[in-house]
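Oh and the sequence shown: position 32 is 31 in numbering that gives the first Met the number 0, straight run, nothing missing.
So the structure is just underneath, and the comments pick up after that.
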Amino acid sequence: MSETPRLKLPEIASGQAQKHVTHNDALARLDVLVQVAALTRDQTSPPGSPAEGNIHIVAASATGDWAGQDGKLANWRAGSWSFYDAMPGCVAFVIAESVSVLFDGTDWIDFTDTVPLQDIANLGINTTADATNKLAVRSPAA
């Protein structure tokens, strides 16, 4: 079966029987990979009573049903775990920590680590900073 190059969505072949199965598989992948909201990223084993649709980022050295799935997105669906590879650039919100993380192709890193907020030469907020006004802020009067 052929699939799309980026999200690996299954493609429906012409004349294919049971097209709904392929379509539903694609929807399930999209449900996990688009606007990722993971409950945790530090668990090495699955929770005891997952709810339908729960997503976790599998921590390193995972065990049990998650063994060998380090760094992948784990999704509880229809009574079992499915695992998905994140693409470099994938952003996920980790609900337990209220932080966004970015997959760099190898690891999930804090999103704030990718945006340097220290030692910035110029900073313009709602306006443009320049060599004279290295910090420039424009806001309406109270």
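Note that beta-carbon positions come from the ideal geometry of N, C-alpha and C, so glycine has one too.
- Inclusion of Ala130 and Thr39 in the CB contact set at 8 Å is not warranted, their separation being larger than that value.
- The closest CA to that of Gly63, considering only Ser79, Glu51, Ala50, is found on Ser79.
- When the alpha-carbon of Gly123 is set against those of Ala135, Asp112, Thr113, Ala77, the nearest one is in Ala135.
- Taken atom to atom, the span from the alpha-carbon of Leu8 to that of Asn23 is near 10 Å.
- In this structure, the beta-carbon distance from Val35 to Ala91 falls below 8 Å.
- Note on Asn74: 16 or more other CB atoms within 10 angstroms of its CB, so buried under the neighbour-count rule.
- Taking C-alpha positions only, Gly70 is separated from Leu26 by approximately 22 Å.
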